[in-house]
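Chemist: Going left to right, the sequence shown walks through residues 7 to 299 as our numbering numbers them.
Dropping the structure in here first, questions after.
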Amino acid sequence: MDLRQLEYFIAVAELGGFTRASEKLHVVQSTVSAGVRSLERELGAPLIVRTTRRSQLTAAGVELLARGRELLAAERAAVAAVRAATGAVGGLLRVGILAAELPFDLPELLGRFRYEHPAVDLRLLTSPTGSEGLLRDLLEDRLDATFTSTASGHPELRELQLPGAPVDLVVAASHRLASRASVSLAEIADEPFVDFATGFGQRSDSDEAFRSAGFTRRVSTETTTAGMAVSFVRAGLGVALLPRPAVPAEEGVVRVAVDPELPAWRISFVHHAKRWRSPALDALADLLGGVAV
7 MDLRQLEYFI AVAELGGFTR ASEKLHVVQS TVSAGVRSLE RELGAPLIVR TTRRSQLTAA
67 GVELLARGRE LLAAERAAVA AVRAATGAVG GLLRVGILAA ELPFDLPELL GRFRYEHPAV
127 DLRLLTSPTG SEGLLRDLLE DRLDATFTST ASGHPELREL QLPGAPVDLV VAASHRLASR
187 ASVSLAEIAD EPFVDFATGF GQRSDSDEAF RSAGFTRRVS TETTTAGMAV SFVRAGLGVA
247 LLPRPAVPAE EGVVRVAVDP ELPAWRISFV HHAKRWRSPA LDALADLLGG VAV
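As structure tokens, this is what we get:
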């Protein structure tokens with residue numbers, strides 16, 4: 007079985023179509039289609055039902071997806087093990103990242119990692135469903151490790167706790183609360199909120215804070231990046247609860263403390279405890295250990 011063709015099939019299965027798969031893999035769509043057809047001929051069974059809207063897996067395709075992921079993971083582990091035996095740190099390392107500024111200089115750390123380990127093919131990936139999506143990608147072997155802002159709660163995942171950050175209310179400079187030193191949840195419960203989409207760690211934390219205090223709030227605008235949240239607040243579309251590093255000191259918005267203080271934005275680096283850890287993953291974890299709490 008050609009592992010490249012297997013990679014094409016898995017990409018189509020996970021992304022729901024040949025176009026998206028070709029974009030992710032940086033190959034033309036005809037190459038992906040030909041690879042999947044070749045795999046179907048070799049196995050003697052259709053794997054994907056091709057429709058105009060979305061490609062769906064056949065029963066044979068469902069079986070191959072799970073085992074195909076295991077095969078590709080084993081191939082990556084074998085390559086990394088051979089490199090480790092020669093003292094080299096290399097191979098593919100897929101890391102999930104958050105769509106917000108962190109309380110520490112992640113770009114600088116990753117730049118240092120790349121400088122120290124140039125043979126590592128480091129790929130940084132995000133998820134449109136935030137921390138929940140990143141953790142799901144880790145569990146389904148689409149990532150080797152991920153940064154997350156929510157506790158995984160999964161027995162097979164291990165977390166390295168990293169520095170967190172306070173959470174403030176962010177309002178437009180013209181807002182009635184902009185001059186206040188602090189506010190309570192009761193005072194802002196009726197405000198329209200700008201927040202991250204469901205699945206993001208900070209969204210879950212904010213929802214839980216209001217629920218625990220006995221209030222119901224209205225999220226009128228959802229976004230997937232902290233930068234867009236700040237822009238929407240500046241435009242007067244609502245207020246937001248955001249981690250302090252995500253809100254730059256700039257005109258048009260004001261940070262206001264929440265009293266009592268909300269739980270801090272927590273950041274962790276997560277990997278799968280039961281999978282073989284490559285030397286590249288170990289090297290990155292060691293580097294992050296220098297900023298761990």
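Don't be surprised by glycine CBs; every beta carbon is placed ideally from N, CA and C.
What is the DSSP secondary structure of L77, reduced to helix, strand or coil?
Modeler: Of the three classes helix, strand and coil, the one that applies to L77 here is helix, per DSSP.
Chemist: Since L31 contacts V42 with CB under 8 angstroms, what's their CB separation in whole angstroms?
Modeler: With 8 angstroms as the limit, L31 and V42 do not qualify as a contact, their Cβ atoms being about 12 angstroms apart.
Chemist: The alpha helix (DSSP H) spanning V276 covers which residue range?
Modeler: Counting along the chain, V276 falls outside any alpha helix (DSSP H), though it belongs to the beta strand (DSSP E) covering 271-278.
Chemist: Could you tell me if E46 is buried or exposed, where buried requires 16 or more neighbouring beta carbons within 10 angstroms of its beta carbon?
Modeler: Answer is buried; the Cβ neighbour count reaches 16.
Chemist: Specify, as a first and last residue, the run of the alpha helix (DSSP H) that A219 falls within.
Modeler: From DSSP, the alpha helix (DSSP H) with A219 extends over 207-219.
Chemist: Identify the continuous alpha helix (DSSP H) that holds V239 and give its terminal residues.
Modeler: That run of the alpha helix (DSSP H) goes 232-240.
Chemist: Note the first and the last residue of the continuous beta strand (DSSP E) segment covering G117.
Modeler: That residue, G117, is in no beta strand (DSSP E); its alpha helix (DSSP H) goes 112-122.
Chemist: Going by the DSSP bridge assignment, what does G23 pair with across the sheet?
Modeler: In DSSP, G23 forms no bridge with anything.
Chemist: Measure the Cβ-Cβ separation of F119 and L128 and say whether it is below 8 angstroms.
Modeler: Yes, the pair counts as a contact, with Cβ atoms nearer than the cut-off.
Chemist: The beta strand (DSSP E) spanning L98 covers which residue range?
Modeler: L98 -> beta strand (DSSP E) spans 97-102.
Chemist: From the DSSP output, in three-state form, read off T222 for me.
Modeler: Note: T222 maps to coil in three-state DSSP.
Chemist: Quick check on the DSSP output: what are the complete beta strand (DSSP E) runs of length 3 or more inside the region 125-159, in order along the chain?
Modeler: List check, beta strand (DSSP E) in window: 126-131, 151-154.
Chemist: Determine, using beta carbons only, whether P169 and I103 come nearer to each other than 8 angstroms.
Modeler: It is not a contact, given that the beta carbons lie outside the stated cut-off.
Chemist: Throw me the rounded Cβ distance for the S199 and V245 pair, which I believe falls under 8 angstroms.
Modeler: Here residue 199 is Phe; the residue named in the question, Ser, does not match the sequence. That pair is a contact at about 6 angstroms.
Chemist: Determine the direct distance from the alpha carbon of E165 to that of R209, and round the result to whole angstroms.
Modeler: About 20 angstroms.
Chemist: Please work out which residues of its chain come closer than 6 angstroms, Cβ to Cβ, to L145, disregarding the five sequence neighbours upstream and downstream, and give them in chain order.
Modeler: No residues qualify anywhere along the chain.
Chemist: My output table needs one value for G67: the three-state DSSP class, helix, strand or coil.
Modeler: Residue state, collapsed to three classes: helix.
Chemist: In angstroms, rounded to a whole number, what distance separates the CA positions of V126 and R75?
Modeler: Rounded to the nearest angstrom, the two C-alpha atoms are 21 angstroms apart.
Chemist: Look up G1 in the DSSP assignment and say whether it is helix, strand or coil.
Modeler: Absent from the model: residue 1. The displayed extent of the chain is 7 to 299, so no value can be given.
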